[in-house]
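Residue numbers (my numbering): 49 to 345.
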């Protein structure tokens, strides 16, 4: 059966102009504090390196749960994100904190292996205690136009996830243009994605406002058609509070208040936490702290 993928034509100039306007917005006082705390609560703290150890995961989990040590009343982050081999360690250290565990799977970051291995990768992470799976699509197959292959693969992984949420990583830096980003977004959603995600963080460019806006508009159109909400996760390259707030403005004006929660929006940007903490302390005390003071990396 041939897929009938639908999305509106992309007006690249219009997308760029809208993003430029978002970047001119300024948020002050109480609204800024609310936005900074919201952004902090939406972060997936991430370590995805070959040198990862149980000790490094333990340190990251501690930080995920103890941001309020820097300033009383702060939320925890939404989740920590690790390789399947590190999920058991994360589960041990997070305990009943409420911080979720996300695990990359399906031969992250390249996706270059067969479906049986991808399913085994997914099962390993879920059996070890993952709450969410971040899978990568087969970009080579997508760029060849083999959309049925990509659709079936996502559907199979979604089935393997059971009641766990599935984030589908498009790796937009490899897709070529915004038309392909829109097409891949709709394909992933139709195949069962609970979230669509820009990037692995291993390829440049990673998240951009233009790419994210296109993906948000696909989510909006799908919601208007079906009444079903789908989450969004820009990942990679969002490292300062000002930019994070611009993303939240874009989110609110494109999808509305219902998406302004970590249930439906995440930042894949561990280094962002440092800058958010600096800004929150500045807003509260009037004094900037050094980035090293927070030592979240």
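Even glycine gets a Cβ: it sits at the ideal position worked out from N, Cα and C.
Where residue i falls: helix, strand or coil (DSSP)
i: residue 112; result: helix
i: residue 156; result: coil
i: residue 64; result: helix
i: residue 257; result: helix
i: residue 89; result: helix
i: residue 40; result: Absent from the structure is residue 40, since the part of the chain shown begins at 49 and ends at 345.
i: residue 180; result: strand
i: residue 149; result: strand
i: residue 122; result: coil
i: residue 101; result: coil
i: residue 237; result: helix
i: residue 252; result: coil
i: residue 331; result: helix
Cβ-based neighbour list, residue i, same chain, cut-off 6 angstroms, excluding 5 preceding and 5 following
i: residue 167; result: 208
i: residue 56; result: none
i: residue 142; result: 109
i: residue 245; result: 215, 217, 281 and 283
From the options, residue whose alpha carbon lies closest to that of residue i
i: residue 193; options: 288, 267, 235 and 274; result: 235
i: residue 199; options: 239, 280 and 229; result: 239
i: residue 111; options: 265, 123 and 70; result: 123
i: residue 232; options: 188, 213 and 212; result: 188
i: residue 151; options: 94, 143 and 99; result: 94
i: residue 154; options: 145, 142, 129 and 170; result: 170
i: residue 229; options: 262, 211, 315 and 98; result: 262
i: residue 283; options: 276, 256 and 186; result: 256
i: residue 273; options: 237, 196, 142 and 127; result: 237
i: residue 215; options: 156, 73, 258 and 165; result: 156
i: residue 190; options: 159, 141, 294 and 128; result: 159
i: residue 259; options: 271, 223 and 241; result: 223
i: residue 329; options: 219, 161, 132 and 85; result: 85
i: residue 82; options: 147, 121 and 201; result: 121
i: residue 326; options: 79, 115 and 73; result: 115
i: residue 310; options: 132, 126, 249 and 296; result: 126
i: residue 73; options: 295, 313 and 315; result: 295
i: residue 297; options: 164, 70 and 324; result: 70
i: residue 219; options: 197, 243 and 186; result: 186
i: residue 249; options: 130, 316 and 243; result: 316
i: residue 243; options: 100, 195, 312 and 197; result: 312
Close beta carbons around residue i, own chain, < 7 angstroms, minus the five adjacent residues each side
i: residue 221; result: 247, 251, 252, 253 and 254
i: residue 60; result: 226
i: residue 177; result: 135, 136, 139 and 149
i: residue 303; result: 264, 267 and 268
i: residue 332; result: 119
i: residue 300; result: 308
i: residue 58; result: 226, 227, 230 and 262
i: residue 75; result: 83 and 293
i: residue 132; result: 151, 153, 169, 172, 173 and 176
i: residue 66; result: 261
Same chain, Cβ closer than 8 angstroms to residue i, five either side skipped, listed in chain order
i: residue 320; result: 87, 91, 286, 287, 288, 289 and 292
i: residue 345; result: Here residue 345 scores only 47 on pLDDT, less than 50, and its place in the model should not be relied on; the value that follows carries that caveat. The answer, listed in chain order, is 318, 319 and 322.
i: residue 210; result: 174
i: residue 98; result: none
i: residue 241; result: 202, 206, 214, 215, 216 and 278
i: residue 271; result: 277, 278 and 303
DSSP bridge partner residues for residue i (one or two, in chain order)
i: residue 213; result: 180
i: residue 365; result: Since the displayed the chain opens at 49 and closes at 345, residue 365 lies outside it and no answer follows.
i: residue 127; result: 92 and 148
Beta carbon proximity, residue i to chain C, threshold 8 angstroms
i: residue 99; result: The structure shown contains no chain C; it holds only a single protein chain.
Contact the region 99-113 vs the region 126-142: 3+ CB pairs below 8 angstroms:
yes
Tell me, please, whether the region 203-219 touches the region 179-188 by the rule of three or more beta-carbon pairs shorter than 8 angstroms.
yes
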